[in-house]
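Protein chains: 2
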Amino acid sequence: MSETMLQFRSLITAESGLEMSLAEVPVPVAGDGEILVRIEAAPINPSDIGLLCGAADMTGAVFGGTASHPVVTAPVPPAGLRAMAGRMGQSMPCGNEGAGTVVAAGAGAEALLGRKVAIIGGATYAGYRAVRASDALLLPEGATAEQGASSFVNPLTALGFVETMRLDGHSAIIHTAAASNLGQMLVRICAADKVPLVNIVRSAQQAALLHGLGATHVIDMTAPDFVAQLADACEKTGATLAFDAIGGGTQAGQILTAMEIAIGRRPGGYSRYGSEVHKQLYVYGGLDMAPTVMTRGFGMAWGMGGWLLFPFLKRLGAEGAERLKARVAAELTTTFASHYSARVSLAEMLSEDAVKGWYRRATGTKYLVVPD
Amino acid sequence: MSETMLQFRSLITAESGLEMSLAEVPVPVAGDGEILVRIEAAPINPSDIGLLCGAADMTGAVFGGTASHPVVTAPVPPAGLRAMAGRMGQSMPCGNEGAGTVVAAGAGAEALLGRKVAIIGGATYAGYRAVRASDALLLPEGATAEQGASSFVNPLTALGFVETMRLDGHSAIIHTAAASNLGQMLVRICAADKVPLVNIVRSAQQAALLHGLGATHVIDMTAPDFVAQLADACEKTGATLAFDAIGGGTQAGQILTAMEIAIGRRPGGYSRYGSEVHKQLYVYGGLDMAPTVMTRGFGMAWGMGGWLLFPFLKRLGAEGAERLKARVAAELTTTFASHYSARVSLAEMLSEDAVKGWYRRATGTKYLVVPD
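Chains A and B supply the protein sequences, listed in that same order. For what it's worth, the numbering used here labels the leading residue of the first sequence as 641, then goes sequentially. For what it's worth, the numbering used here labels the leading residue of the second sequence as 641, then goes sequentially.
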């Protein structure tokens, strides 16, 4: 094993804007209770891209450097620079999660040597990563690193939606951008747990994909009668809770409106301030960074807010989080199977084609980083 | 006492749109435990106007009928008709609250005979109203009906903001349209309770009015550096909670942004998903019915939602509600003093001047209905 490795870095400075590059850094050492994992697969999730590119204007990206050490730069508008104050001038490692083989272990962690594990905690776009053994997820015998690469973010988020539904006293879920890897997991979880799920997608192909997985309610938001279709689905499922990956535009407000229309069809649903049934929408992603535009035609019993995995896991408690992780491990290649459309090395990750591909965050074009 | 009285009515039908008129109806009879109140003063609050005018387009209002029995009609656009389905064809009495003299009492309520009380529960734009004695608020000796007319909606809402702040774990409040009667009460409550309050107003005159009441933080939202001023006030007060009477436009999102900027100045405030401090904005009114437009530049720890008095009182519990009502009675002519710019009879309430006046919901132009 060499003593140095490549590690992906993202740097924003006031002078130069964004610079993404590969740094040559020492391979970390596994301390007591830690394991050193050779990263063999790490996904590029939408939640990684905020750290990768910050507030840079990627339409102005310049692709330079060499084939083995590419450098991508992009301007950061002044308003973006202000929002980035907290990370300014710091060369940040990236990559929330990944999977690979344990190649070294500190005292007390020797049992994991040679095993394949999934990890979370940042800096996975690199040759190696050292983590506490207790934070790793041991992959089932025979599972590949690619199968384990997305063991945390999407699976725990999808499970978190169902747990949040129960904690908040709702009984069904509406999900946007529902043909994503995460959305497909949610379809399988809700089928197994008998939770009514309304899937909102953006094309007929995506609808066909989800119907193929056995989804019952699939609505194409480009349909002219989108809100009416959604209201009917709300009536059938009783959904008063939505998780929205998009954020921008009018559909978040339309979802609350559709819920209210459906509630109004219940006997006694009307009151002068709108229904008294609480309608909640959580924004968990920002696929569309345009402003959220809400026409408040859904009464006064409503809430909208951000939803993030880690604060949710804190709310759930350690025992609950362990229960979710055990389910992910048990159903890794079934419920929680992920699909990737491209596999890139650390250097290839910074090619013009790849950057344009993963920056789009398009459903069905998911990148997997294979550092070796 | 005559056997009939005038009662204000609002009717929406698919054929004719909105019709506001005065009905001649029997004076109600006070049953056991009830009192009959001769209404002597009832405010037109913004929260009354939804029932008064529904979704009608008041720019198309037609003023007809006679001087003693005026009739105002206005068209209701098709989308509005759908939203009004629950009240369609029902002639609705109006007026959330009011005050007057007890002129008759059922068994067990005789002690209130001849006393002045404030009441809530609808149908106060009328000559008389019967209510349960236990729901009335006995006005202090010497208080007039006008002083007691607004004893419920604004006082309990203003007190409710401070109670919500405590229940939700915040320590300061931001308030919009802060020069309103409600806003002035909130200034006095927060001064007495030592709660830091940031007042957002829409003109220099309104700012002067609140400074005259002793308000510390007053910000004019028409100032070019509104967000920067607000961020500074958030930093000084630690405000992470706002109550917004306006709803439409960009200021709700700007308030969350200003909170986030202030939190970012705290040591350790930055994280890649924005701060971890929860920022909450409640929309409790709709002075601007235009869409809410939010640029989500305030991280993921945020919430926005509707706030209504009655669900809040349910959350607070009966004992808490009694505590608030006792404070209102004790401080009726000080903390909870209201100001009216016009006094109108039931018939005058439907004059062109009056309708245009109260429909505007402008701060500083508050109407009092004096049925006699």
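Each residue gets a CB set at the ideal place from its N, CA and C atoms; glycine is no exception.
Contact belief for residue i with residue j at Cβ below 8 Å, rounded distance in angstroms
| i | j | result |
| --- | --- | --- |
| L753 (chain B) | A747 (chain B) | Rounded, the Cβ-Cβ distance is 12 Å, inconsistent with contact. |
| C693 (chain A) | Y999 (chain A) | 7 Å |
| R1035 (chain B) | G945 (chain A) | What the structure shows of chain B is the stretch from 641 to 1012, and residue 1035 (chain B) is not part of that stretch, so it cannot be assessed. |
| M805 (chain B) | I813 (chain B) | 6 Å |
| S978 (chain B) | N794 (chain B) | 7 Å |
| M934 (chain B) | A892 (chain B) | 7 Å |
| L927 (chain B) | A817 (chain B) | 6 Å |
| L948 (chain A) | L796 (chain A) | Between L796 (chain A) and L948 (chain A) the Cβ distance is about 11 Å, and since that is not below 8 Å, they are no contact. |
| L972 (chain B) | P780 (chain B) | 6 Å |
| R755 (chain B) | V742 (chain B) | 5 Å |
Residues near residue i by beta carbon distance below 6 Å, same chain, minus five either side
| i | result |
| --- | --- |
| A798 (chain B) | L822, M825, L826, I829 |
| G705 (chain A) | V711 |
| S661 (chain A) | R649, V711 |
| C874 (chain B) | A898, M899, A902 |
| A680 (chain B) | The question names Ala, but residue 680 (chain B) is Glu in the sequence shown. So the list reads G740, A785, once near-sequence residues are dropped. |
Interface residues of chain A facing residue i [CB-CB closer than 8 Å]
| i | result |
| --- | --- |
| V716 (chain B) | Within 8 Å Cβ-Cβ: nothing; V716 (chain B) doesn't reach chain A, min ~14 Å. |
| E916 (chain B) | P951 |
| G657 (chain B) | Going along chain A, no residue has its Cβ under 8 Å from G657 (chain B), so there is no contact; the nearest lies around 18 Å. |
Proximal chain A residues relative to residue i, where beta-carbon distance stays under 9 Å
| i | result |
| --- | --- |
| A941 (chain B) | G945, G946, L948, P951 |
| V933 (chain B) | P931, T932, V933, M934 |
| G738 (chain B) | Here the premise fails: no neighbours, minimum Cβ distance about 17 Å. |
Cβ shell of residue i (< 8 Å), same chain only, five flanking positions each side left out
| i | result |
| --- | --- |
| E803 (chain B) | F952, L956, G960, L964 |
| A696 (chain B) | I652, G657, L658, A714, P715, V716, G720 |
| T862 (chain A) | R842, S843 |
| M940 (chain A) | Y913, G914 |
| P836 (chain A) | S811, A812, I813, C830, T856, H857, K876, T877, G878, A879 |
| V867 (chain B) | Q894, T897, A898, I901 |
| A670 (chain B) | L676, A744, A745, G746, A749, A770 |
| D775 (chain B) | I759, I760, G761 |
| H918 (chain A) | T880, A941, W942, G943 |
| G854 (chain B) | V827, A831 |
Residue i, buried or exposed, once every other Cβ within 10 Å from all chains shown has been counted against 16
| i | result |
| --- | --- |
| D688 (chain A) | buried |
| R649 (chain A) | buried |
| Q845 (chain A) | exposed |
| M989 (chain B) | buried |
| R678 (chain A) | buried |
| P907 (chain B) | exposed |
| M899 (chain A) | buried |
| E962 (chain B) | exposed |
| P718 (chain B) | exposed |
| G1004 (chain A) | exposed |
| K996 (chain A) | exposed |
| L777 (chain A) | buried |
Chain A contact residues for residue i, given Cβ-Cβ distances below 7 Å
| i | result |
| --- | --- |
| G887 (chain B) | R936 |
| A723 (chain B) | G937 |
Residue i and residue j closer than 9 Å at C-beta
| i | j | result |
| --- | --- | --- |
| A749 (chain A) | E674 (chain A) | yes |
| T699 (chain B) | N736 (chain B) | no |
| Y922 (chain B) | A882 (chain B) | yes |
| T897 (chain A) | H810 (chain A) | no |
| V702 (chain A) | G767 (chain A) | no |
| A969 (chain A) | S791 (chain A) | yes |
| A994 (chain B) | A1002 (chain B) | no |
| V757 (chain B) | G782 (chain B) | no |
| P686 (chain B) | A885 (chain B) | yes |
| G943 (chain B) | G943 (chain A) | yes |
| Q920 (chain B) | D808 (chain B) | yes |
Partner residues on chain B for residue i, Cβ-Cβ distance less than 9 Å
| i | result |
| --- | --- |
| G735 (chain A) | Those do not exist, as G735 (chain A) stays about 12 Å from chain B at its closest Cβ, beyond 9 Å. |
| G748 (chain A) | Within chain B, no residue comes near G748 (chain A); the closest Cβ sits about 30 Å away, beyond 9 Å. |
Own chain, CB closer than 7 Å to residue i, minus 5 neighbours either side, in chain order
| i | result |
| --- | --- |
| V858 (chain A) | N839, V841, A847, L850, H851 |
| L986 (chain A) | L646, F648, L662, Y765, V1009, P1011 |
| A723 (chain B) | A695 |
| T644 (chain A) | E664, V665, P666, V667 |
| G729 (chain A) | T653 |
| S708 (chain A) | A987 |
Under 7 Å from the C-beta of residue i: neighbouring residues of chain B
| i | result |
| --- | --- |
| A798 (chain A) | Those within 7 Å of A798 (chain A) in chain B number zero; the least Cβ separation is about 17 Å. |
Neighbour list for residue i in chain B, Cβ cutoff strictly below 8 Å
| i | result |
| --- | --- |
| G926 (chain A) | R936 |
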